[in-house]
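Structure record follows, encoded as structure tokens.
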Amino acid sequence: MKTVRVRDKDFRLFLTPQQIEGRVQELADTLNQEYAGKRPILLPILNGAFLFAADLIRRLKVQPELQFIRVSSYGQSMQSSGKVELLVGLDIDIEGRHILIVEDIVDTGLTYDYVKDYLLKKNAASVEIVSLLFKEANFKGQNRPSFVGYTIPPAFVVGYGLDYAQSGRELDGIYTVVEEK
Ligand code: PRP
15 MKTVRVRDKD
25 FRLFLTPQQI
35 EGRVQELADT
45 LNQEYAGKRP
55 ILLPILNGAF
65 LFAADLIRRL
75 KVQPELQFIR
85 VSSYGQSMQS
95 SGKVELLVGL
105 DIDIEGRHIL
115 IVEDIVDTGL
125 TYDYVKDYLL
135 KKNAASVEIV
145 SLLFKEANFK
155 GQNRPSFVGY
165 TIPPAFVVGY
175 GLDYAQSGRE
185 LDGIYTVVEE
195 K
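For the sequence shown, our numbering gives the first residue as 15, with consecutive numbering after it.
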């Protein structure tokens with residue numbers, strides 16, 4: 015099985031680029047039905063969601079708008095700090111708009127809770143999330159993710175936008191950490 019080294023750790027291939035591409039298309043098919051006629055605002059949360067969002071938006075046929083926000087919870091660590099910080103917010107009026115947050119991963123769910131609350135306070139008509147990955151075992155949020163690509167075990171993953179201490183985002187597959195013995 016293919017492995018890569020990112021910084022000081024080995025990672026094993028978990029989802030191939032072909033698997034990801036197929037699943038992104040399936041998610042797009044679902045979203046094209048859900049958002050038909052709604053002109054949603056697609057809202058990737060930087061940085062991790064940039065690749066997924068780029069692949070997803072090209073498959074959406076619902077005339078989406080695109081805005082970005084940036085939050086951080088992990089810092090340099092492999093685990094969520096549990097404290098979400100808004101680094102770059104929205105500078106447009108979203109009152110009455112349907113917002114579709116785009117995430118690479120929902121882990122504890124605290125980022126989604128924080129961002130959903132932030133958007134609803136700005137009077138969005140609806141706020142949902144499409145997340146490529148969902149670590150359900152770690153989830154302790156108030157809002158379950160609406161659209162999920164893969165529910166995965168809690169092991170650390172890297173690639174396709176996801177980083178390990180800011181490295182590995184460029185990998186075209188998703189890799190899981192090889193635990194040291
Ligand atoms: C990751 C990911 C989500 C968040 C999910 O971002 O992109 O935004 O963590 O974790 P949670 O469900 O436990 O809140 P990170 O803070 O690592 O920043 P990044 O996107 O810049 O890598």
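Yeah, the Cβ is synthetic: ideal placement off N, Cα and C, and Gly gets one too.
In this text the structure is predicted, and so the values were computed from the model without any measurement.
Residue i beta carbon near ligand 1 (any heavy atom closer than 7 Å)
i, result
"Asp-177", "yes"
"Ile-59", "yes"
"Ser-160", "no"
"Gly-173", "no"
"Ser-140", "no"
"Glu-117", "yes"
"Ser-181", "no"
"Ala-68", "no"
"Asp-121", "yes"
Close beta carbons around residue i, own chain, < 6 Å, minus the five adjacent residues each side
i, result
"Val-171", "Ile-188 and Thr-190"
"His-112", "Lys-52, Pro-54, Ala-139 and Ser-140"
"Phe-153", "Gly-123"
"Pro-168", "Lys-149, Ala-151 and Asn-152"
"Leu-176", "Gly-62 and Asp-118"
"Lys-23", "Val-191"
"Leu-2", "As displayed, the chain neither begins before 15 nor continues past 195, which places residue 2 out of reach and without an answer."
"Thr-17", "Asp-24 and Arg-26"
Proximity to residue i [Cα-Cα], best of the options
i, options, result
"Arg-21", "Gly-182, Ile-34 and Asp-186", "Gly-182"
"Asp-43", "Thr-17, Leu-27 and Val-76", "Val-76"
"Gly-155", "Gln-32, Val-98 and Arg-73", "Val-98"
"Gln-32", "Asn-157, Asp-69 and Gly-96", "Asp-69"
"Tyr-49", "Phe-66, Gly-173 and Ile-71", "Ile-71"
"Ile-115", "Arg-73, Ile-34, Glu-35 and Val-144", "Val-144"
"Phe-161", "Asn-137, Leu-45, Glu-35 and Arg-19", "Leu-45"
Nonlocal neighbours in the same chain, by C-beta distance under 8 Å from residue i, ignoring five residues either side
i, result
"Thr-30", "Gly-187"
Residues near residue i by beta carbon distance below 7 Å, same chain, minus five either side
i, result
"Leu-134", "Val-141"
"Leu-101", "Arg-84, Val-85 and Ser-86"
Presumed contact (8 Å Cβ cut-off) between residue i and residue j, rounded CB distance
i, j, result
"Glu-79", "Leu-56", "7 Å"
Are the region 34 to 42 and the region 118 to 125 touching, with three or more C-beta to C-beta distances below 8 Å? no
Does the structure place the region 78 to 85 close enough to the region 124 to 131 that three or more beta carbon pairs sit under 8 Å? yes
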